[in-house]
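Residue numbers (the working numbering), protein chains in the order written: chain A, 1 to 756; chain B, 757 to 983.
For each residue, glycine too, the CB sits at the ideal point set by N, CA and C.
So the structure is just underneath, and the comments pick up after that.
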């Protein structure tokens, strides 16, 4: 080191030097926020305290711009007997029956994935998996909702392969099946790719762990990887600052992951839970030790003493401020009684996991940290963890919104050749097969994968996922969806359509939708037009969750997804978890055999606003998204779930982007079973390509059709027999006939042609 | 008579141990967990080395696991005739331990690849493949980034001449393996290694859309019961 280190900034020194200038602005704090810290402490903060407050009060950790809106997820929450743990914990927990619970959450790692795609995406997976572990659960699957710039834009060829490789490497090494997700391309994401990672875990209903540090005298243990200079300032700098041109210089702020350590950490934590030697637990994510100590202390007895110099370091030159802000991966913090500490340490040793007692729970109401005997932090922990600033940011409808909505697709020329249109859409990057991506993920590991991509939802068997679950016949289903173009046209409806699609994707497998997680990806909250999009999307999602009876259990907000003044399309990504009583009754995606009746459920209207056809054929975005009819969605889900339980369905598929045409093509390609169908409406183009919501395609054996039609009638779900499965082509009578090999070539060839 | 006991080894970073144990149980055997740090084979009748990323694949796939205390017991036992099957990372470990010749290198396409793959059974003269017929084509999942089998010409010629190539990829070589080799055996035939995953293809409800993996487990259990 060429420079000598600055003097240790102790509490005493802070009191003695009240006027010392502090770099609060460089740490992302506003003047009034800094003044509030001074008010709370009655003195200037030490540099370590400033580090803690700056990361804990960052947008990423404090939700200061979104909080006033997110409250609606609580105030409008539907009555739900399934909800065991709601928002505010590391992840929500849902009762799935027979004494078992599922915990799930989706979280963004957008900015790091732009700077360093491989590590950014990898550590996104690692972070969400630790959130799930910290609830006391065994992680059992992951999925990822990804958004990239245009597939033909050069930077996409840098970002996408790196992101996919990062997810692939980290997730595969962890031994978690990747069972679904999305890959979407749009030029609006070129400087701001979205990497939203979801994890689901399983636990016994009575074994939920919480992030709390009760019991004075209990030990605070830091375990897992050593602490290094990774992602220092990541939470406040990377997650809360708009990218400008110098962003490449921030590369060192991205954390580096070690999935092998995380795999050991998973097995170690499960053994710790099994041995019942954990009182409270928290993962170390954004804001690292700062977040874990303040949150654990705030939710427990209220105080904690920490000897910061005991934190085991990978880089011995780290200063206390850096240790507090380090985002080194694969670390956890547990609270353990003195009686159990030896057993705790023995289990860590078995798994070769470094573990160190760094402090103790107290009842002083203060979080006190020392560095080689000198006090460097002395704060009320709740002021950092829970009492961050709250902003009521101004918002108003964007200036061009009315004009955008007025520019409807009604005037766009309709195609003459519908066969060519189908092939054009099927080979477009958003609708083409995502096998190039998903074949890099292990979907089989742990042996409980019942359905995985390209199925509408991932489905897992529970009985063999954990010891003791052998008696249950249940399964869970998970899907994520989001459509930025719909949300750009109408963020209220767009958020509802995202929920409706994920809800429908769960229902088509035969599972009953139970609960919701969301990842809200937006531009800068300081832009009133972006804030309007955010406010509308949250309001729409909260209203729809209430109507559909599925509560939001948690999630994540990602702001500042913009480059300069150009924000991404507002992109609420919604994850829905459902449960199926008998997982053997799950319905597979697409056509499963010859001679089945092909049935369309739901009403088709002429709806092309924000559609794939308008996007691909005309580069057009305008008008309004498809109409939202939540009652119709609900009725459709009831039909799908009951029909599955009665064994009436041989296959099913959701209708969404690209409409009936794409659903038919995908259903044929699922197992190479063709079909011959006739359209029922007046206009073949609308029938084939409209994106009306609340629709699904199902197949039933001819002898079951009457019973199925009766069920649809009872729920007032429109039901149209279109034709029969079989043959080696997709045939729409009088309109088009395409041999399956041609369909397959177009569908599977598109992404390899771009990405190699 | 008690069920045949098949040991399933867990190294740090092993991932498919649960699947392997389940496949053994489904076939009627008893799966016995074996821990890498124990110098103890617990008297098992056969051993399954499952896939995963033991030791994070650090240094080289299988290079560290090969030195685990358990391996000090397993290597001489395998040389003395104990039936051993290694899949994926297990195959890599068997090569690193010199129980099988050759090595597994990075896939020709440089990507990890997970897909349902056509495989031809070339040899039924092993305790793990006796329930198949020679030339039988089956479907098993592959999922690996380093599965390209290589060996020098002399070794390859010896493998082919001695009927030690047990499995070959059909319908496209996914990783650039020499001679489409998906799996091999030692000269005695008791040690078999392959990149595909039979343990992920044993049930109708879950895993790959094939149950062709069952043959591995029925083969070994019949062999042990008749032994």
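Contact under 8 Å by Cβ, residue i with residue j
| i | j | result |
| --- | --- | --- |
| residue 107 of chain A | residue 132 of chain A | no |
| residue 197 of chain A | residue 142 of chain A | yes |
| residue 487 of chain A | residue 477 of chain A | no |
| residue 570 of chain A | residue 625 of chain A | no |
| residue 863 of chain B | residue 969 of chain B | no |
| residue 162 of chain A | residue 118 of chain A | yes |
| residue 586 of chain A | residue 510 of chain A | yes |
| residue 140 of chain A | residue 202 of chain A | yes |
| residue 807 of chain B | residue 860 of chain B | no |
| residue 227 of chain A | residue 290 of chain A | no |
| residue 947 of chain B | residue 834 of chain B | yes |
| residue 312 of chain A | residue 354 of chain A | yes |
Under 8 Å by beta carbon: chain B residues contacting residue i
| i | result |
| --- | --- |
| residue 467 of chain A | Within chain B, no residue comes near residue 467 of chain A; the closest Cβ sits about 10 Å away, beyond 8 Å. |
| residue 264 of chain A | 768 and 769 |
| residue 352 of chain A | 768 |
Cβ neighbour criterion (16 or more within 10 Å) applied to residue i
| i | result |
| --- | --- |
| residue 764 of chain B | buried |
| residue 889 of chain B | exposed |
| residue 866 of chain B | exposed |
| residue 979 of chain B | buried |
| residue 720 of chain A | buried |
| residue 854 of chain B | exposed |
| residue 20 of chain A | exposed |
| residue 237 of chain A | Its pLDDT being 40, under 50, residue 237 of chain A is placed unreliably in this model, and the coordinates cannot settle the point. |
| residue 801 of chain A | Outside the shown range of chain A, which is 1 to 756, sits residue 801 of chain A, and nothing can be said about it. |
| residue 14 of chain A | buried |
| residue 679 of chain A | buried |
| residue 823 of chain B | exposed |
| residue 982 of chain B | exposed |
| residue 776 of chain B | buried |
| residue 752 of chain A | exposed |
| residue 930 of chain B | buried |
Minimum C-alpha distance to residue i - residue among the options
| i | options | result |
| --- | --- | --- |
| residue 437 of chain A | A:568, A:750, A:264 and A:288 | A:750 |
| residue 460 of chain A | A:261, A:280, A:582 and A:424 | A:582 |
| residue 673 of chain A | A:548, A:623 and A:731 | A:731 |
| residue 568 of chain A | A:209, A:96 and A:187 | A:187 |
| residue 683 of chain A | A:655, A:278 and A:735 | A:735 |
| residue 664 of chain A | A:697, A:103, A:354 and A:199 | A:697 |
| residue 221 of chain A | A:332, A:125 and A:676 | A:332 |
| residue 505 of chain A | A:540, A:468, A:545 and A:577 | A:577 |
Residue range of the beta strand (DSSP E) that includes residue i
| i | result |
| --- | --- |
| residue 374 of chain A | 374-379 |
| residue 98 of chain A | Looking at the DSSP string, residue 98 of chain A is not in any beta strand (DSSP E), and its letter there is neither H nor E. |
| residue 555 of chain A | 552-558 |
| residue 905 of chain B | 904-906 |
| residue 307 of chain A | 303-307 |
| residue 877 of chain B | 869-877 |
Boundaries of the alpha helix (DSSP H) in which residue i is found, first to last residue
| i | result |
| --- | --- |
| residue 255 of chain A | Looking at the DSSP string, residue 255 of chain A is not in any alpha helix (DSSP H), and its letter there is neither H nor E. |
| residue 492 of chain A | 491-507 |
| residue 769 of chain B | Element bounds for residue 769 of chain B: n/a, residue is neither H nor E. |
| residue 74 of chain A | 72-75 |
| residue 529 of chain A | 528-548 |
| residue 956 of chain B | No alpha helix (DSSP H) holds residue 956 of chain B; DSSP gives it neither H nor E. |
| residue 87 of chain A | Segment: none, residue 87 of chain A is in no alpha helix (DSSP H) and carries neither H nor E. |
| residue 833 of chain B | 825-835 |
| residue 148 of chain A | Premise fails: residue 148 of chain A lies in the beta strand (DSSP E), 138-148, not in any alpha helix (DSSP H). |
Within chain A, the residues that residue i reaches when beta carbons sit closer than 8 Å
| i | result |
| --- | --- |
| residue 937 of chain B | By Cβ distance, chain A contributes nothing, its closest Cβ being about 21 Å from residue 937 of chain B, past 8 Å. |
| residue 932 of chain B | What residue 932 of chain B touches in chain A: nothing, since even the nearest Cβ is about 15 Å away. |
| residue 925 of chain B | Result: empty, since nearest Cβ-Cβ is about 15 Å, beyond 8 Å. |
| residue 713 of chain B | Limits of chain B in this structure are 757 at one end and 983 at the other, which puts residue 713 of chain B out of reach. |
Chain B residues whose Cβ lies nearer than 7 Å to that of residue i
| i | result |
| --- | --- |
| residue 461 of chain A | 961 and 962 |
| residue 449 of chain A | 962 and 963 |
| residue 464 of chain A | 778 |
Residues that residue i contacts on chain B, provided the C-beta gap is smaller than 9 Å
| i | result |
| --- | --- |
| residue 173 of chain A | 769, 771, 808, 809, 812 and 813 |
Residues that residue i contacts on chain A, provided the C-beta gap is smaller than 7 Å
| i | result |
| --- | --- |
| residue 817 of chain B | Correct list: empty, because the minimum Cβ distance to chain A is about 12 Å. |
| residue 894 of chain B | Residues of chain A passing the Cβ test: none, with the nearest at roughly 16 Å. |
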